[in-house]
Amino acid sequence: MVAPKETKEENTAGQRGRASIVDHNLDVLTAFLSAVSDMMDASEHPEEVTDAARYALDRVFGRQGDEAGNPSNDEDAHD
Numbered sequence: 055m056v057a058p059k060e061t062k063e064e065n066t067a068g069q070r071g072r073a074s075i076v077d078h079n080l081d082v083l084t085a086f087l088s089a090v091s092d093m094m095d096a097s098e099h100p101e102e103v104t105d106a107a108r109y110a111l112d113r114v115f116g117r118q119g120d121e122a123g124n125p126s127n128d129e130d131a132h133d
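Dropping the structure here:
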């Protein structure tokens, strides 16, 4: 079965919706990176902030285990 073709208006609305989601995600990522930067500046142990930020991003993107930046799974994290 062939899917019905989108109208030009539906296609444009879909593109606007996707662009809005991308803009929101960029705003969230920018705020996250700004907070990480501020925490690194204030921390006596910025490598711990980096490890925590990497772990948080890995959780967001669904990476787990050896492919994740989880410090407990990363033997070389503090070398």
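Per my numbering, residue 55 is the first one in the sequence shown, and the count goes up by one each step. Every residue, glycine too, gets a C-beta built ideally from N, C-alpha and C. Every value quoted in this text rests on a predicted model; they were computed, and no experiment measured them.
Considering only 65, 86 and 64, the residue with the shortest C-alpha distance to residue 110 is 86. Secondary structure note for residue 115: it is in no alpha helix (DSSP H), with a DSSP letter that is neither H nor E. As the crow flies, the alpha-carbon of residue 112 is around 23 Å from that of residue 72. Following the DSSP letters along the chain, one finds residue 62 inside the alpha helix (DSSP H) bounded by residues 62–96. Rounded to whole angstroms, the separation of the alpha carbons of residue 76 and residue 90 is 21 Å.
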